[in-house]
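Working notes for the structure below.
2 protein chains.
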Amino acid sequence: MPFIRKIAYTKSFSFITGLALAVSLVRGANQEHQADVINSIYAEALVHGTAMDNLTQLVTQYPGRLSGSENLQGSISWAETTLQGLKLDRIVQQPVMVPHWVRGKAEQFSFTTEDIVTALNGVALGGSSATPDNGLDAAVIEVSSYVELQALGAKANGKIVFINGGINPTTYLTLEGYSHAVIARTRGPATAGSLGAVATLVRSMTLARDDVPHTGATLFPPGSKRIPAAALSMVSADRLHDALLKDPNLKLHIAIHAQTLPDTASANVIAEIKGSEFPNQVIVVGGHLDSWDISPGAHDDGTGIVQSIEVLRIFKALGIKPRHTLRCVLFVNEENGSAGANAYAAAARQATERHIFALETDTGGFDPKGFNLSNTNKDAASRAQKWMPLLNPHGISFIATGGAGADVSPLATLGAVVGEIRPDSQRYFDYHHSIKDTLDHVNARELELGAAGLASLIWLEDTEGL
Amino acid sequence: MPFIRKIAYTKSFSFITGLALAVSLVRGANQEHQADVINSIYAEALVHGTAMDNLTQLVTQYPGRLSGSENLQGSISWAETTLQGLKLDRIVQQPVMVPHWVRGKAEQFSFTTEDIVTALNGVALGGSSATPDNGLDAAVIEVSSYVELQALGAKANGKIVFINGGINPTTYLTLEGYSHAVIARTRGPATAGSLGAVATLVRSMTLARDDVPHTGATLFPPGSKRIPAAALSMVSADRLHDALLKDPNLKLHIAIHAQTLPDTASANVIAEIKGSEFPNQVIVVGGHLDSWDISPGAHDDGTGIVQSIEVLRIFKALGIKPRHTLRCVLFVNEENGSAGANAYAAAARQATERHIFALETDTGGFDPKGFNLSNTNKDAASRAQKWMPLLNPHGISFIATGGAGADVSPLATLGAVVGEIRPDSQRYFDYHHSIKDTLDHVNARELELGAAGLASLIWLEDTEGL
Numbered sequence: 001m002p003f004i005r006k007i008a009y010t011k012s013f014s015f016i017t018g019l020a021l022a023v024s025l026v027r028g029a030n031q032e033h034q035a036d037v038i039n040s041i042y043a044e045a046l047v048h049g050t051a052m053d054n055l056t057q058l059v060t061q062y063p064g065r066l067s068g069s070e071n072l073q074g075s076i077s078w079a080e081t082t083l084q085g086l087k088l089d090r091i092v093q094q095p096v097m098v099p100h101w102v103r104g105k106a107e108q109f110s111f112t113t114e115d116i117v118t119a120l121n122g123v124a125l126g127g128s129s130a131t132p133d134n135g136l137d138a139a140v141i142e143v144s145s146y147v148e149l150q151a152l153g154a155k156a157n158g159k160i161v162f163i164n165g166g167i168n169p170t171t172y173l174t175l176e177g178y179s180h181a182v183i184a185r186t187r188g189p190a191t192a193g194s195l196g197a198v199a200t201l202v203r204s205m206t207l208a209r210d211d212v213p214h215t216g217a218t219l220f221p222p223g224s225k226r227i228p229a230a231a232l233s234m235v236s237a238d239r240l241h242d243a244l245l246k247d248p249n250l251k252l253h254i255a256i257h258a259q260t261l262p263d264t265a266s267a268n269v270i271a272e273i274k275g276s277e278f279p280n281q282v283i284v285v286g287g288h289l290d291s292w293d294i295s296p297g298a299h300d301d302g303t304g305i306v307q308s309i310e311v312l313r314i315f316k317a318l319g320i321k322p323r324h325t326l327r328c329v330l331f332v333n334e335e336n337g338s339a340g341a342n343a344y345a346a347a348a349r350q351a352t353e354r355h356i357f358a359l360e361t362d363t364g365g366f367d368p369k370g371f372n373l374s375n376t377n378k379d380a381a382s383r384a385q386k387w388m389p390l391l392n393p394h395g396i397s398f399i400a401t402g403g404a405g406a407d408v409s410p411l412a413t414l415g416a417v418v419g420e421i422r423p424d425s426q427r428y429f430d431y432h433h434s435i436k437d438t439l440d441h442v443n444a445r446e447l448e449l450g451a452a453g454l455a456s457l458i459w460l461e462d463t464e465g466l
Numbered sequence: 467m468p469f470i471r472k473i474a475y476t477k478s479f480s481f482i483t484g485l486a487l488a489v490s491l492v493r494g495a496n497q498e499h500q501a502d503v504i505n506s507i508y509a510e511a512l513v514h515g516t517a518m519d520n521l522t523q524l525v526t527q528y529p530g531r532l533s534g535s536e537n538l539q540g541s542i543s544w545a546e547t548t549l550q551g552l553k554l555d556r557i558v559q560q561p562v563m564v565p566h567w568v569r570g571k572a573e574q575f576s577f578t579t580e581d582i583v584t585a586l587n588g589v590a591l592g593g594s595s596a597t598p599d600n601g602l603d604a605a606v607i608e609v610s611s612y613v614e615l616q617a618l619g620a621k622a623n624g625k626i627v628f629i630n631g632g633i634n635p636t637t638y639l640t641l642e643g644y645s646h647a648v649i650a651r652t653r654g655p656a657t658a659g660s661l662g663a664v665a666t667l668v669r670s671m672t673l674a675r676d677d678v679p680h681t682g683a684t685l686f687p688p689g690s691k692r693i694p695a696a697a698l699s700m701v702s703a704d705r706l707h708d709a710l711l712k713d714p715n716l717k718l719h720i721a722i723h724a725q726t727l728p729d730t731a732s733a734n735v736i737a738e739i740k741g742s743e744f745p746n747q748v749i750v751v752g753g754h755l756d757s758w759d760i761s762p763g764a765h766d767d768g769t770g771i772v773q774s775i776e777v778l779r780i781f782k783a784l785g786i787k788p789r790h791t792l793r794c795v796l797f798v799n800e801e802n803g804s805a806g807a808n809a810y811a812a813a814a815r816q817a818t819e820r821h822i823f824a825l826e827t828d829t830g831g832f833d834p835k836g837f838n839l840s841n842t843n844k845d846a847a848s849r850a851q852k853w854m855p856l857l858n859p860h861g862i863s864f865i866a867t868g869g870a871g872a873d874v875s876p877l878a879t880l881g882a883v884v885g886e887i888r889p890d891s892q893r894y895f896d897y898h899h900s901i902k903d904t905l906d907h908v909n910a911r912e913l914e915l916g917a918a919g920l921a922s923l924i925w926l927e928d929t930e931g932l
């Protein structure tokens, strides 16, 4: 960093700002007022924010909040208590039955060549079945993608299928890269099982070149055969690949002790500030309380939980009374079933209230760069461009037509504009669904900027509307 | 992160992309070729990159590379050896005499109230003089800004001046916030000295709310009185502020053992690929080898060093022969004197060669978001907008008129377009000039994206020109 900047930084920090300024050449008193309120929202989040303290409590006290676990239930109580401190108009638990998959004892993966045992780092995928207690031994057939797997046919029979295709590192948009690659994990094991495979291994869905495996859900549709399924770390996947080049007939030993137990009772946590003018019209902000069992769940999705709570706190702290009901929904079971999202959407469909806007925060607590918005008319994002001049000074450089997360997407069919905040996501998959998703990878300031961005967009929707 | 994305991610990831596509509706064969080359540059950096390995060597073997230190000289040899591996056309050291300030024994800061000694965490600023060996004790006068200091007059006489004004956390653009606040550190001590102060303390220039102090240079212009000067951590500054509220007369004890030794010999490292068409027209990419003594110097500016080296490696690996001479300049003494920058610019002024373009990388190895460009006509950035459609798919969302760093800025007066890469900078000042500027705060992928961004913009300048 320069000793002293020789040329002053330009005020117009981006390409966009110029455009934004052009759009708002005739900037009226209302827009001045809007800018003031948004500045105060950011100042409240950045100077008096509680998001990092809340995240510290959540992640330290309740890591590994998988559906069915004690820690998920503990985090529900924690969330309710934390929300009670905000003196809101309503806090309820919405009962939800959730799947209950458990990992059991640590998994083992190894192969033996010339009397040397090589252990590999892997973790069972959520939904995996168990191997026999003392493991299974089988030859391996490697493919580089889900498409290649589909073409395997009888060659998979009796084998361990190894789908060695991960996220393409040359794609800048890591979420797109993930969406493209993840079918290997979500559908690969069931497809391999239908071809007679005895187990499936996938390359971890990560961009970190290390020896830490990343779990995640795999799907066994009704009627399909459930088989043992696991993810290997990047380093271990490369090691297995190299060993197979030398000895295509090597046998791999796998021991997985996972079980699917009966569904158990859990609950979404719902908290709200009643709308002063339109109490039956609802704006939602939310994330999900559950995380993978092996993960502290800091970025996925502890940050979304504490940002959603922080949005309500900011409104209360600044004395902003929303015209529409502002509701924070902390969903359960996003990771392996979406039971929380389904229960919420089903109840919303029955209720007399109307959902007008729903924002999700579930791609990490990194520096927020923009929002995705979508609605059935597909015009929400273009209508929201009017707000870019207000959000751009705070680092928001786009509002694009695009996907919301799994928890609020179902509300689109009820007529709501749904969307999500889009933070910088270069590091997200380094931590995602792994033991590395820890508190020390979250930056307080970036976390606070996300809460302020959500609160600002919601305030604009509440006061001016799309 | 969603279990499965319910709505596919849009391809048009930003507000900008739409604009970019509109601009390039008639996208000819040349732009297709350009996109291919830039894709290959990014792929080379992201799949075969050496930047992280090089950074690991530099920061592990030569932390604390302050001008005059053995580790700076060691890093110069390391850089030369590393560049030799790239089979370039020319590698030379350019001799530079640099200042030689040393910290000496660890500093001490404490006050005593009701027989309880409270120690504060602080570090001397580069350029500070020493206290007496057993320290000094004096009353403290606190001001909240450099402007307030200037108005102190005789009240500063015989006192320790405490300038308790840091970076405004509500400014999204942290570099702007730093530029605005840093005068307290760079000019405060000399100004306080001119008012008769016996020492000066400043609040660390950081946004991290912790107890780690951040150093940096302070200036004592010729003829001014050099006094002891140090920075307190955020937590320690708050502690002192609170103690002064309770007891405005408390005495602070300060012991600083710094010395300014005679200037010593050092060198810029220069390496280049000769231009195939215009060998006398030079494109520079560079960063600075030196760092503060207490800092490993990972983001400041180890990342800039390895990215600059990586730009040459990418050109060689892809077999791209630049038309103009492509030169990597690793400057010394950016942190406390700019002797390296001055020596390079002075030599460039004498030479028959002409500098056409110079890019600096010195604001951390984070996810790159854009570039600042400037020239004497102030039209470089607007002319560069033609390249946005090529860079935007890789995450570059702006090219703005704005400052370059201290090392390449002097080349503007020689007619070059000068500029710098602008990464996401929310975390930069958490680490900057402190013991926390460590390797583990650098993300390999983000580092590689920066190298690829620099190489791409340079390739466009080399082949098409602004």
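Line by line, the protein sequences give chains A and B. Note that the working numbering has the first sequence beginning at 1, numbered continuously upward. Note that the working numbering has the second sequence beginning at 467, numbered continuously upward. Cβ atoms here follow ideal geometry from the backbone N, Cα and C, with glycine treated the same way.
Check                                                                                                                                                                                    : Outcome
Excluding the five sequence neighbours on either side, which residues of its own chain have a C-beta within less than 6 Å of the C-beta of residue 281 (chain A), listed in chain order? : 324, 354 and 356
For residue 456 (chain A), I'd like the list of residues in its chain whose CB is within less than 6 Å of its CB, leaving aside the five on either flank, ordered along the chain.       : 38 and 41
What number of angstroms, rounded off, separates the C-alpha of residue 422 (chain A) from the C-alpha of residue 931 (chain B)?                                                         : 34 Å
By the 10 Å Cβ neighbour count, where 16 or more other Cβ atoms means buried, how is residue 579 (chain B) classified, buried or exposed?                                                : exposed
Can residue 861 (chain B) and residue 172 (chain A) be called in contact, C-beta distance under 7 Å?                                                                                     : yes
Apply the 10 Å Cβ neighbour rule to residue 514 (chain B) and answer buried if 16 or more other Cβ atoms are within range, or exposed otherwise.                                         : exposed
Buried or exposed: residue 106 (chain A), going by 16 or more other Cβ atoms within 10 Å of its Cβ?                                                                                      : exposed
Since residue 734 (chain B) and residue 777 (chain B) are thought to touch, with beta carbons under 8 Å apart, how far apart are those beta carbons, to the nearest angstrom?            : Their Cβ separation, rounded to whole angstroms, is 17 Å, which puts residue 734 (chain B) and residue 777 (chain B) out of contact at 8 Å.
Tell me residue 191 (chain A)'s beta-bridge partners as DSSP assigns them.                                                                                                               : In the DSSP output, where bridge partners are listed per residue, residue 191 (chain A) has none listed.
Given residue 601 (chain B), which residues of its chain have a CB within under 7 Å of its CB, disregarding the five upstream and five downstream residues?                              : 574, 719, 720 and 721
Taking contact to mean 3 or more Cβ pairs, one atom from each stretch, closer than 8 Å, check whether the region 735–743 of chain B and the region 603–613 of chain B are in contact.    : no
Looking at the secondary structure, which residues open and close the beta strand (DSSP E) in which residue 921 (chain B) lies?                                                          : No beta strand (DSSP E) contains residue 921 (chain B), which is instead part of the alpha helix (DSSP H) from 910–929.
Please state whether DSSP places residue 866 (chain B) in a helix, a strand or coil.                                                                                                     : strand
Which residues bound the alpha helix (DSSP H) around residue 542 (chain B)?                                                                                                              : 536–550
Taking three-plus beta-carbon pairs below 8 Å as touching, is the region 900–917 of chain B in contact with the region 768–777 of chain B?                                               : yes
According to DSSP, which residues form a beta bridge with residue 268 (chain A)?                                                                                                         : A:94
Using a Cβ cut-off of 7 Å, pull out every chain A residue sitting near residue 833 (chain B), in sequence order please.                                                                  : 424 and 426
Would you please verify whether the beta carbon of residue 911 (chain B) is less than 7 Å from any beta carbon of chain A?                                                               : yes
Put residue 838 (chain B) into one of helix, strand or coil per three-state DSSP.                                                                                                        : strand
Considering only the alpha carbon of each residue, which of A:304, A:277, A:351 and A:190 lies closest to residue 330 (chain A)?                                                         : A:304
In terms of DSSP beta bridges, what is residue 251 (chain A) paired with?                                                                                                                : A:139
So for residue 110 (chain A), helix, strand or coil by DSSP?                                                                                                                             : strand
Would you grab the beta carbon distance between residue 606 (chain B) and residue 618 (chain B) for me? Rounded to a whole angstrom, and I think it's under 8 Å.                         : Between residue 618 (chain B) and residue 606 (chain B) the Cβ distance is about 12 Å, and since that is not below 8 Å, they are no contact.
Apart from the five residues just before and just after residue 815 (chain B), which ones in its own chain have a Cβ nearer than 8 Å to its Cβ?                                          : 880
Alpha carbons only, please: which of A:67, A:34, A:52 and A:30 is nearest the one belonging to residue 339 (chain A)?                                                                    : A:67
Nearest CA to the CA of residue 752 (chain B): which residue from B:760, B:758, B:768 and B:742?                                                                                         : B:768
With DSSP as the reference, please indicate the residues paired to residue 753 (chain B) in a beta bridge.                                                                               : B:796
Comparing alpha-carbon positions, which option in B:907, B:901, B:912 and B:925 lies nearest residue 679 (chain B)?                                                                      : B:901
Just to confirm, is the Cβ distance from residue 229 (chain A) to residue 191 (chain A) under 7 Å?                                                                                       : no
Identify each residue in the region 761–781 of chain B for which the Cβ-Cβ distance to at least one residue of chain A is less than 9 Å, and report them in chain order.                 : 765, 766 and 767
Hey, how far is the Cα of residue 260 (chain A) from the Cα of residue 342 (chain A)?                                                                                                    : 20 Å
Hey, out of B:912, B:924, B:926 and B:929, whose CA is closest to residue 170 (chain A)'s CA?                                                                                            : B:912
So, does the CB of residue 1007 (chain B) fall closer than 7 Å to a CB anywhere in chain A?                                                                                              : Any answer about residue 1007 (chain B) is impossible in this case: the structure gives chain B only from 467 up to 932.
From which residue to which residue does the alpha helix (DSSP H) around residue 315 (chain A) run?                                                                                      : 303–317
Note down the Cα distance separating residue 692 (chain B) from residue 440 (chain A), rounded to an integer number of angstroms.                                                        : 40 Å
When DSSP labels each residue in this structure, what does residue 668 (chain B) get in the three-state scheme?                                                                          : strand
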